[in-house]
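**Student:** The structure follows.
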Amino acid sequence: MAAVLLWPLLSSAASALAPSDAWHQILQHPSLWNSLDLRGSQNPEPALQHISDSHVAAEALRNVVLEFAVGIEDRHLQQLERYNLEEINLNGCQKVTDRGVAELVRACPSLTAISLYWNLNVGVETLKALSEACPRLSQVNLSGCKAVTDLGIVQLAQGCPQLTHVDLTRCTRLGDTAYTALAKHCPNIEVLRMYASMPSALAIQGCGALSHLRVIDLCGAHAATDAAVGALGACHELREVNLTWCIQLTDAGICALGQGCRKLESLSLHGIRGVTDAAIQALAESCSESLHTLDTSGCTGIVQHDRARLKQLFPNLRCFVVHS
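Written out as structure tokens, the structure is:
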């Protein structure tokens, strides 16, 4: 297991020893430098400055977590460009710019995962850099990155065909072009989150081509139709589906989904009034043994949805609330 460098603990330990010799000895242990965790740090500057002086860190450092390290700016990212990073977490780092992130990823050709949650600056420049410099990228979290547009996602999809995990939560500026590109160029996607991103029926239907898809989050997809959700029945590996507030859906869509996805483990129908007991019965016939989570809250068309009844239909059911 990779060692994680928790800066406050390490710096405290080092300060208790002779400053120069103690710090020099610490720097000689490569296992300490595989992962640098500065999440929540108010002042990451000292840690970044110290590792910049370490040849050992330059060889060993692969994973950097700066999640909600509020002081992080582009100049700090420049200090990380010398390391061949494989994983970068910049969640909530609001001060870094599109250009700053782009320059960092261009220096990281071995990058496999990047998380940019709630970064309102990230857009085309970063995604273009990822597409050109990081062909091994498999995981990207763009949740809350509201500057992301179709152009950026198209470039990302074309340059990063090995993507398996894509989070586009609340990326409200995306249209069919972006989702079509992902389905076409990234056939190995396993996890696709479109929570509150308002994809069209056509975009959802296109996801039916993702044969490796295991998780899809369509919460709030008001445009989702029975035909679109039914097309997901072609994704036979689906385990988790969130259809919360997909208000156009009826029994037809849910029945088609269940018929094709017999490995379903988690399904949220929260707030869908067009679904009735017929859909629940159909699900019981196709995935009664696999389903362990089923949310039917607000499904006024389902009469017999008390927990005792659902447990009879799905003996392994243990969770009744997905969306709250």
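Numbering (mature numbering (1 follows the signal peptide of the UniProt record, and there is no 0)) for the sequence shown: -16 to -1, 1 to 308.
Beta carbons are placed, not taken as given, at the ideal position from N, Cα and C, and that holds for glycine.
Would the beta-carbon of VAL199 fall within 9 Å of that of ARG177?
**Tutor:** Looking up residue 199 in the sequence shown gives position 215. Looking up residue 177 in the sequence shown gives position 193. Against a cut-off of 9 Å, the Cβ pair of ARG177 and VAL199 comes out as a contact.
**Student:** By the 10 Å Cβ neighbour count, where 16 or more other Cβ atoms means buried, how is PRO28 classified, buried or exposed?
**Tutor:** Here residue 28 refers to the residue found at position 44 when the sequence shown is read from its first residue. Buried: at least 16 other Cβ atoms inside 10 Å.
**Student:** Is THR234 helix, strand or coil by DSSP?
**Tutor:** Here the question's residue 234 lines up with position 250 in the sequence shown. Of the three classes helix, strand and coil, the one that applies to THR234 here is coil, per DSSP.
**Student:** Relative to the C-alpha of ARG66, which residue among THR228, HIS39, GLY55, ALA31 is closest?
**Tutor:** Taking the sequence shown and counting its residues from 1, one reaches residue 66 at position 82. Out of THR228, HIS39, GLY55, ALA31, HIS39 has the C-alpha closest to the C-alpha of ARG66.
**Student:** Taking one C-beta from the segment 31 to 46 and one from the segment 74 to 85 each time, how about it: are there three or more such pairs within less than 8 Å?
**Tutor:** Judged by Cβ distances under 8 Å, the segment 31 to 46 makes no contact with the segment 74 to 85, as fewer than three pairs qualify.
**Student:** Measure the alpha-carbon distance for TYR163 versus HIS13 and round it to whole angstroms.
**Tutor:** Taking the first residue of the sequence shown as 1, we reach residue 163 at position 179. Taking the first residue of the sequence shown as 1, we reach residue 13 at position 29. Between TYR163 and HIS13, the C-alpha separation is close to 45 Å.
**Student:** In three-state DSSP terms, what is ARG246?
**Tutor:** Taking the sequence shown and counting its residues from 1, one reaches residue 246 at position 262. Reduced to three states, the DSSP call for ARG246 is coil.
**Student:** Hey, out of ARG59, GLY84, ILE231, LEU267, whose CA is closest to GLU109's CA?
**Tutor:** Taking the sequence shown and counting its residues from 1, one reaches residue 109 at position 125. Per the Cα distances, GLY84.
**Student:** At the level of alpha carbons, what is the spacing between LEU50 and ASP58?
**Tutor:** Position 66 of the sequence shown, counting from 1, holds the residue named residue 50. Position 74 of the sequence shown, counting from 1, holds the residue named residue 58. Approximately 13 Å, taken between the alpha carbons.
**Student:** Count the other CB atoms within 10 Å of the CB of ASN273; is the residue buried (16 or more) or exposed (fewer)?
**Tutor:** By one-based count along the sequence shown, residue 273 stands at place 289. In the sequence as presented, Asn is not what sits at residue 273; that position holds Glu. Exposed is the call here.
**Student:** When DSSP labels each residue in this structure, what does ARG46 get in the three-state scheme?
**Tutor:** On the sequence shown, residue 46 is found 62 positions in, with the first residue counted as 1. Coil.
**Student:** Per DSSP, which one or two residues make a beta bridge with ARG177?
**Tutor:** By 1-based counting over the sequence shown, the position of residue 177 is 193. In the DSSP output, where bridge partners are listed per residue, ARG177 has ASP151, ASP201.
**Student:** If distances are taken between C-alpha atoms only, which option among CYS170, ASN172, GLY107 comes closest to THR156?
**Tutor:** Residue mapping note: residue 156 aligns to position 172 of the sequence shown, counting from 1. Nearest option by C-alpha distance: GLY107.
**Student:** Please report how far the alpha carbon of CYS203 lies from the alpha carbon of PRO93, in whole angstroms.
**Tutor:** In the sequence shown, the residue the question calls residue 203 occupies position 219. In the sequence shown, the residue the question calls residue 93 occupies position 109. Roughly 34 Å separates the two Cα atoms.
**Student:** With distance defined between alpha-carbon atoms, name the residue in THR133, THR96, GLU71 nearest to ASN105.
**Tutor:** Counting from 1 along the sequence shown, the entry for residue 105 is found at position 121. Here the closest residue by C-alpha is THR133.
**Student:** From ASP235 to ASN172, what distance separates their C-alpha atoms?
**Tutor:** Along the sequence shown, one-based indexing puts residue 235 at 251. Along the sequence shown, one-based indexing puts residue 172 at 188. Cα to Cα, the separation comes out at about 29 Å.
**Student:** So who's on the other strand from THR277, going by DSSP bridges?
**Tutor:** Indexing the sequence shown from 1 puts residue 277 at position 293. Answer is SER250, CYS303.
**Student:** Once you ignore the five residues that flank THR153 on each side, which residues in its own chain have a CB closer than 6 Å to its CB?
**Tutor:** Within the sequence shown, the letter at position 169 stands for residue 153. Taken in chain order, the residues that qualify are SER127, ARG177, TYR179.
**Student:** Rounded to whole angstroms, what is the Cα-Cα separation between ALA86 and GLN232?
**Tutor:** Position 102 of the sequence shown holds residue 86. Position 248 of the sequence shown holds residue 232. Their backbone Cα atoms lie some 40 Å apart in a straight line.
**Student:** If you drop the 5 nearest sequence neighbours on each side, which residues of the same chain put their C-beta closer than 7 Å to that of ALA131?
**Tutor:** In the sequence shown, residue 131 corresponds to position 147, counting from 1. Contacts found: LEU104, ASN105, VAL106, GLY107.
**Student:** Beta carbon of PRO279, beta carbon of VAL305: below 9 Å?
**Tutor:** What you label residue 279 is simply residue 295 of the sequence shown in a count that begins at 1. What you label residue 305 is simply residue 321 of the sequence shown in a count that begins at 1. Here residue 279 is Asp; the residue named in the question, Pro, does not match the sequence. Yes, Cβ-Cβ distance for ASP279 and VAL305 is below 9 Å.
**Student:** Quick one: Cα of LEU241 to Cα of ALA185, how far?
**Tutor:** Translated into positions along the sequence shown, residue 241 becomes position 257. Translated into positions along the sequence shown, residue 185 becomes position 201. Approximately 15 Å between the Cα atoms of the pair.
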